[in-house]
Structures are given as structure tokens and as C-alpha cells.
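Student: Reminder that position 181 of the sequence shown reads as 181 in our numbering, one-by-one numbering, no gaps. Where a beta carbon is used, it is the ideal one built from N, C-alpha and C, also for glycine. The structure displayed is predicted, hence computed values, not measured ones.
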Amino acid sequence: MESTGYPPSMPSALLDALYAWLPVLEPRARRRRRTLALPFPAGWEEILQAEVPFWSRLSESRRARARPMIHAFVAEHRWVGAHGLEVSEEMQVVVAACAVRPVLNLGLEYYDHLSEIVLYAHDQLTVPEHGQGVLGLAHQHGVIVLSWPAVQEGLQSPTDGHDTALHEFVHLLDLADGSFDGAPPLRRAEDVGPWARTLAARFEAMREGSHTVLRDYAAHSPPEFFAVASEHFFERPAELRRAAPDLYAQLKRFYGWDPGRRAPTKVRR
Ligand SMILES: [Zn+2]
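#1: Around ligand 1, which residues pass a check of Cβ closer than 6 Å to any of its heavy atoms?
#2: Select from 52, 165, 253 the residue whose C-alpha is nearest the C-alpha of residue 194.
#3: Helix, strand or coil: how does DSSP classify residue 178 here?
#4: Using the beta-carbon count (16 or more within 10 Å), is residue 77 buried or exposed?
#5: So what does DSSP say about residue 1, is it helix, strand or coil?
#6: Find the nearest neighbour of residue 221 within the set 174, 147, 239, judged by alpha-carbon distance.
#7: So what's residue 139 in DSSP terms, helix, strand or just coil?
#8: Can you name the start and end residues of the alpha helix (DSSP H) that residue 45 belongs to?
#9: Within the same chain, show all residues whose beta-carbon is closer than 7 Å to that of residue 105, passing over the 5 residues directly before and after it, in chain order.
#10: Could you tell me the distance, in whole angstroms, from the CA atom of residue 210 to the CA atom of residue 88?
#11: Determine, using beta carbons only, whether residue 229 and residue 214 come nearer to each other than 8 Å.
#12: Taking the alpha carbon of residue 53 as the point to measure from, which residue in 28, 68, 94, 35 has its own alpha carbon closest?
#13: When you compare only the Cα positions, how much space is there between residue 74 and residue 92?
#14: Is it buried or exposed for residue 56, if we count other Cβ within 10 angstroms and need 16 for buried?
#15: What are the boundary residues of the beta strand (DSSP E) that residue 120 is part of?
#16: Below 8 Å on the Cβ atoms is my guess for residue 154 versus residue 232; work out the distance and round it to an integer in Å.
#17: Can you name, in chain order, every residue of its own chain whose Cβ lies under 8 Å from the Cβ of residue 66, other than the five neighbours on each side?
#18: Should residue 184 go down as buried or exposed, given a rule of 16 or more other Cβ atoms within 10 Å for buried?
#19: Can you tell me whether residue 171 is buried or exposed? The criterion is at least 16 other CB atoms within 10 Å of its CB, across all chains shown.
#20: How long is the line joining the alpha carbons of residue 189 and residue 196, rounded to whole angstroms?
#21: Rounded to the nearest angstrom, what separates residue 152 and residue 240 at their Cα positions?
#22: Answer with buried or exposed for residue 261, where buried requires no fewer than 16 other C-beta atoms within 10 angstroms of its C-beta.
Here it is in C-alpha cells:
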């Protein structure tokens with residue numbers, strides 16, 4: 001018999017009734033399993049096709065993997081509109097797609113420290129310690145703040161190497177181990193050394209002024225280097241692979257797939 005993850009003395013139907021009455025009590029992992037098994041909500045595919053240009057560039061096998069994750073991501077987080085913005089279902093689906101793309105092969109567990117997504121209506125935000133012109137913020141305390149117009153603008157050109165939402169979600173991956181240092185938790189211990197050496201060498205070379213395909217902001221700090229390199233990895237993979245094959249290989253190993261190659265179509269016999 002397969003384990004159900006809760007004591008056999010507590011029937012599932014009873015737990016379902018309890019969690020329906022007070023959903024806040026339901027553990028995230030249990031809610032995630034339940035949401036992942038549900039059908040993809042009607043109309044969401046149309047939203048993705050209309051509003052998320054990178055969606056149609058993914059192979060069908062990757063889209064099939066992403067759909068239940070998008071559903072779970074929307075269900076698992078608190079969505080807050082700031083400065084008068086009312087968060088619509090469309091906004092949730094679009095932001096969730098941006099969040100899921102980098103964790104397609106890592107799993108939603110990388111966002112277990114995230115609880116709240118704040119969207120605001122302005123182009124830019126002024127944050128005391130970050131100055132003016134902030135498009136998004138990934139906060140250590142489980143909150144991500146995004147300018148909705150900046151999210152939309154970042155998605156408009158799926159091959160320009162610039163995507164605000166992706167950038168902020170990569171910061172959250174960086175923060176998944178509690179430190180904001182340009183090194184996300186890697187799945188294999190033996191990957192830590194090569195990751196640290198490669199990214200540090202590329203970051204230092206950029207600081208010293210060597211030519212790079214990454215935009216200048218990557219030279220700001222190791223976390224920004226990781227985020228900007230990831231934007232390039234997903235949006236301009238061929239260029240990054242040519243210009244920095246070692247960096248590309250590290251990102252490919254971490255994210256667990258190669259955006260520069262379409263997944264082979266499975267042939268069923
Ligand atoms: Zn950043």
C-alpha cells in the first residue's frame with residue numbers, strides 16, 4: 001500500500017473536511033500534492049498563450065510539466081495588490097509561469113520560503129535602502145514585490161535577455177538556503193566547487209572590465225551576476241553558450257535543462 005503521508009487513524013475525508021473548514025492548517029506539501037493532481041483550470045492555457053510569449057517557445061513536454069506547477073504556485077501563495085492594484089487571476093497565472101520556468105526541473109520546494117507576492121501598479125518603486133527605479137524586490141522574509149508593468153515589459157521580448165520577474169525569482173532561488181550570495185542550494189555536493197569557481201571567475205573578469213554578453217548590472221555583486229546570467233541563459237541561450245561555455249554548463253546543470261535545445265519528442269511504440 002502506498003503511504004498517504006498522514007496517520008491511517010485520521011481518514012483522508014476527515015482531513016479534507018477539516019482543511020476545507022480551516023485551510024490555513026493544511027500543510028503546504030499536502031496542499032501541493034492535492035493541487036498538482038487537479039485539472040488545469042479552464043482559461044489558464046489561453047492566458048499563457050496570450051500573455052506569456054515564452055510559453056509557446058517551450059516544448060509541449062515542458063508545458064505539460066509546468067501546468068500543474070503553475071496551478072500549485074497560484075494556490076500556495078498569498079497575493080497582494082499594492083498602490084490600488086487589484087490582483088486578477090490573469091496576473092497570478094502570468095507571474096506563476098515566470099516563477100515556474102526556472103524551477104521546472106528543480107521543483108517548487110525551492111520556493112518553500114516564499115509566502116507572499118505583492119504586485120503594484122507603478123513602473124517603478126522607491127525603496128529606502130535600494131533607491132529609486134526599483135522594478136522588483138525579493139525579500140528574505142518570504143515576500144517578493146514586483147511592478148506589474150515591469151513584469152509585462154520583461155515578458156514582451158522573450159529573447160532580449162531581460163526579464164524582471166525571472167530576475168527576482170532567481171534571487172529567491174539564491175535565498176532558498178537563507179543566504180544572498182549568488183549561490184543557490186545545489187542538488188549535488190560535488191557541484192558546489194565548480195559552481196563557486198566558475199561564477200567567481202566570470203564575475204571577477206567582468207569587474208575587471210573584460211568584454212561580456214551580460215549587461216553591466218551583472219558586475220554589481222555575485223547575486224546580481226547570478227540573476228542576470230540566468231536571464232541570459234533562458235532568453236539568449238545560444239549566445240551565452242558561445243560566449244561563456246563554462247558558465248552556461250554550470251547554469252544548465254543547476255536548472256536541470258537546456259533552454260537552447262528543444263526536448264526531443266518522445267516516440268511511443
Ligand atoms: Zn537583482
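Tutor: Put simply:
#1: Residues flagged by the Cβ proximity filter: 167, 171, 224, 227.
#2: Nearest of 52, 165, 253 to residue 194, Cα basis: 253.
#3: Here residue 178 carries a coil assignment [DSSP, helix/strand/coil].
#4: Under the 10 Å beta carbon count, residue 77 is surrounded by 16 or more other beta carbons and is classified as buried.
#5: With a pLDDT of 42 at residue 1, under the threshold of 50, the modelled position of this residue cannot be trusted; read the value that follows with caution. Coil, per DSSP.
#6: For the residues 174, 147, 239, the minimum Cα distance to residue 221 belongs to 174.
#7: It is a strand residue.
#8: 44-51 is the extent of the alpha helix (DSSP H) around residue 45.
#9: Taken in chain order, the residues that qualify are 255, 256, 257.
#10: Roughly 44 Å separates the two Cα atoms.
#11: The answer is yes: Cβ separation under 8 Å.
#12: Nearest C-alpha to residue 53: 94.
#13: It is roughly 6 Å from the alpha-carbon of residue 74 to the alpha-carbon of residue 92.
#14: By the 10 Å Cβ count, residue 56 comes out exposed.
#15: Segment 116-120, the beta strand (DSSP E) holding residue 120.
#16: Not quite, the Cβ-Cβ distance comes to about 13 Å (not below 8 Å), so this is no contact.
#17: These residues qualify, in order along the chain: 58, 97, 100, 101, 104.
#18: Counting Cβ neighbours within 10 Å, residue 184 comes out buried, since at least 16 surround it.
#19: If you draw a 10 Å sphere on the C-beta of residue 171, you find 16 or more other C-beta atoms in it, and that means buried.
#20: Near 12 Å, if we compare the C-alpha coordinates of residue 196 and residue 189.
#21: Rounded to whole angstroms, residue 152 to residue 240 spans 24 Å at the Cα level.
#22: Classification for residue 261: exposed.
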